[in-house]
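Enquirer: This note's numbering numbers the first residue of the sequence shown as 126 and each following residue consecutively.
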Amino acid sequence: MTDARIRELERRWAETGAPEDESALVRARVQAGVVAREALALAAYCGSGVALELGAAPADPAGPQSWGVGLLRWGRTAPIRAVLSALGHALRTLPERERSRVVPDNVVEGSLYPCARRALGEVEGWVVQPGARTQQRVRRAGRDLERASTRLTQALNAQRAAARRADMRPVPDAWALLTTREQRIGQVAFALRSCVAAVTNSAPHQLESLVGRAVSHAGFAVAEDADAARRLAAQEVIAWALGHRDPVRMRVGKRGETQIWPGDPIE
126 MTDARIRELE
136 RRWAETGAPE
146 DESALVRARV
156 QAGVVAREAL
166 ALAAYCGSGV
176 ALELGAAPAD
186 PAGPQSWGVG
196 LLRWGRTAPI
206 RAVLSALGHA
216 LRTLPERERS
226 RVVPDNVVEG
236 SLYPCARRAL
246 GEVEGWVVQP
256 GARTQQRVRR
266 AGRDLERAST
276 RLTQALNAQR
286 AAARRADMRP
296 VPDAWALLTT
306 REQRIGQVAF
316 ALRSCVAAVT
326 NSAPHQLESL
336 VGRAVSHAGF
346 AVAEDADAAR
356 RLAAQEVIAW
366 ALGHRDPVRM
376 RVGKRGETQI
386 WPGDPIE
């Protein structure tokens with residue numbers, strides 16, 4: 126199968142969008158070795174009809190968290206891609222900003238939120254070009270995110286202490302008093318801290334736990350829109366696995382040219 130033939134099939138599918146043309150293209154890529162059988166199995170696991178048609182094993186029935194952790198069978202990059210997609214969705218769909226009831230504005234909006242966005246962008250940079258340089262950038266962003274998370278914890282602890290001094294029974298859960306927007310930003314930050322650890326920690330036995338925590342917190346961050354977030358994550362992984370496009374690479378490439386956010390979908 127020549128490169129020219131693959132390019133011809135790519136043009137045809139781009140023009141028609143027909144499933145049979147996508148199937149012919151993916152089959153040609155597999156035959157040429159451009160798409161590995163393992164990548165085809167990954168796409169099938171994510172629900173690709175084309176991959177299933179070409180004989181890849183169907184996905185195991187699984188809930189959102191076990192589905193995300195199950196991506197680890199294809200290495201750490203696949204689940205991290207899925208988590209980044211979900212977290213980008215969470216940040217794009219945040220509720221409107223409200224006045225915080227329990228913490229100063231600079232704790233979440235002025236610190237945790239920008240640190241989370243930066244960490245998301247740095248992890249996406251590592252996904253595109255894993256190596257010592259991008260890993261170090263992830264590590265630095267992770268330290269900033271850790272400090273911002275600590276400031277939120279300290280503010281919540283201060284709120285609890287003030288409630289105890291006021292002799293309030295029972296002492297209210299300060300986290301529950303955060304606005305929905307603040308809670309979601311907090312969950313995004315928790316998920317990203319696990320992603321940072323998965324990128325910078327070389328201990329294989331810890332990877333499943335770290336990815337599991339990232340998937341769990343990402344699930345909380347998109348709780349009200351979990352189905353849409355999972356569909357988007359699956360679509361991004363499928364597009365990458367089948368060689369159609371790499372949404373993460375496209376975002377990283379465009380970031381210097383536009384105001385694109387980490388995690389934004391690329392049409």
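Just so you know, even glycine gets a beta-carbon here, dropped at the ideal spot from N, CA and C.
1. On the criterion of 16 or more Cβ atoms from any shown chain inside 10 Å, does P229 qualify as buried, or is it exposed?
2. Indicate whether the contact test is met: 3 or more Cβ pairs, each with one atom in the region 307–324 and one in the region 240–259, closer than 8 Å.
3. Buried or exposed: which applies to Q284, given that a residue is buried once 16 or more other Cβ atoms fall within 10 Å of its Cβ?
4. How is T383 classed by DSSP in three states: helix, strand or coil?
5. With respect to the alpha helix (DSSP H) encompassing H214, which residues constitute its N-terminal and C-terminal limits?
6. Using C-beta distances below 7 Å, list every residue in its chain close to A203, excluding the 5 sequence neighbours before and after it, in chain order.
7. With DSSP collapsed to three states, give me the class of D298.
8. Along the chain, where does the alpha helix (DSSP H) containing V155 start, and where does it finish?
9. Taking the beta carbon of T259 as the centre, do at least 16 other beta carbons fall within 10 Å, making it buried, or is it exposed?
10. Measuring straight from C-alpha to C-alpha, what distance separates L376 and R289?
11. Looking only at its own chain, which residues have a Cβ that is under 6 Å from the Cβ of A211, when we skip the five neighbours before and after it?
12. Are R306 and P220 closer than 9 Å when you measure CB to CB?
13. Taking E140 as part of the alpha helix (DSSP H), name the residues at either end of that continuous run.
14. Where do the ends of the alpha helix (DSSP H) carrying R198 lie?
15. Could you tell me the distance, in whole angstroms, from the CA atom of T218 to the CA atom of A351?
16. Taking just the CA atoms, how far does A139 sit from V201?
17. If you run the structure through DSSP and keep just helix, strand and coil, what is H369?
18. Compare the Cα-Cα distances from V227 to each of Q279, A328, A157 and report the closest residue.
19. Could you tell me which uninterrupted alpha helix (DSSP H) segments, each at least 4 residues in length, are contained entirely in the region 230–276, listed from first to last along the chain?
20. What I want to know is whether the C-beta of I363 ends up closer than 8 Å to one or more non-hydrogen atoms of the ligand MN.
21. Report yes if the CB atom of S225 is closer than 9 Å to the CB atom of L367, and no otherwise.
22. Under 8 Å by Cβ, that's how I've got L177 and A169 pegged, so tell me the actual separation to the nearest angstrom.
23. Can you tell me whether DSSP reads S225 as helix, strand or coil?
24. Extract the residue ranges of the beta strand (DSSP E) inside the region 331–370, only unbroken runs of 3 or more that lie entirely within it.
25. Around the Cβ of A287, are there at least 16 other Cβ atoms within 10 angstroms (buried) or fewer (exposed)?
26. What's the C-alpha gap between A181 and R265?
27. Excluding five sequence neighbours on each side, which residues of the same chain lie with their C-beta closer than 7 Å to the C-beta of A96?
Expert: Walking through what the data contain:
1. With fewer than 16 other CB atoms across the displayed protein chains lying within 10 angstroms of its CB, P229 is exposed.
2. Yes, the region 307–324 is in contact with the region 240–259.
3. With 16 or more other Cβ atoms within 10 Å, it is buried.
4. With a pLDDT of only 47 at T383, under the threshold of 50, the placement of this residue in the model should not be trusted; the figure read from the coordinates follows. Of the three classes helix, strand and coil, the one that applies to T383 here is coil, per DSSP.
5. Looking at the DSSP string, the run of the alpha helix (DSSP H) that includes H214 is 202–217.
6. Listed in chain order, the non-local C-beta contacts of A203 below 7 Å within the same chain comprise L167, L196, V362, local neighbours out to five positions each way being set aside.
7. Secondary structure at D298: coil, using DSSP grouped into helix, strand and coil.
8. Boundaries of the alpha helix (DSSP H) harbouring V155: 144–157, taken from the DSSP string.
9. T259 comes out buried.
10. Just to set this straight, residue 376 is Arg in the shown sequence, not Leu. When rounded, the distance between both Cα atoms is 47 Å.
11. Result list for A211: A343, V347, A354, A358, in chain order.
12. The criterion of a C-beta distance shorter than 9 Å is satisfied by R306 and P220.
13. For E140, the uninterrupted alpha helix (DSSP H) segment begins and ends at 128–141.
14. In the DSSP annotation of this structure, R198 is not part of any alpha helix (DSSP H), being labelled neither H nor E.
15. Each residue's alpha carbon lies about 12 Å from the other.
16. Sequence inspection shows Arg at residue 201; the Val mentioned does not correspond to that position. Distance between the alpha carbons of R201 and A139: 30 Å.
17. Secondary structure at H369: coil, using DSSP grouped into helix, strand and coil.
18. Of Q279, A328, A157, the residue nearest in Cα terms is Q279.
19. Fully enclosed alpha helix (DSSP H) runs of 4 or longer: 238–253.
20. Ligands displayed in this structure: none; no statement on the ligand MN is therefore possible.
21. Between S225 and L367, the CB-CB gap reaches or exceeds 9 Å.
22. So it is a contact: roughly 5 Å between Cβ atoms.
23. Three-state DSSP puts S225 in coil, outside helix and strand.
24. Listed in chain order, nothing qualifies, since the region 331–370 has no complete beta strand (DSSP E) run of 3 or more residues.
25. Here A287 is exposed. Its C-beta has fewer than 16 other C-beta atoms within 10 Å.
26. Taking the Cα positions, A181 is about 40 Å away from R265.
27. The requested residue 96 does not occur in the structure, where the chain is confined to residues 126 to 392.
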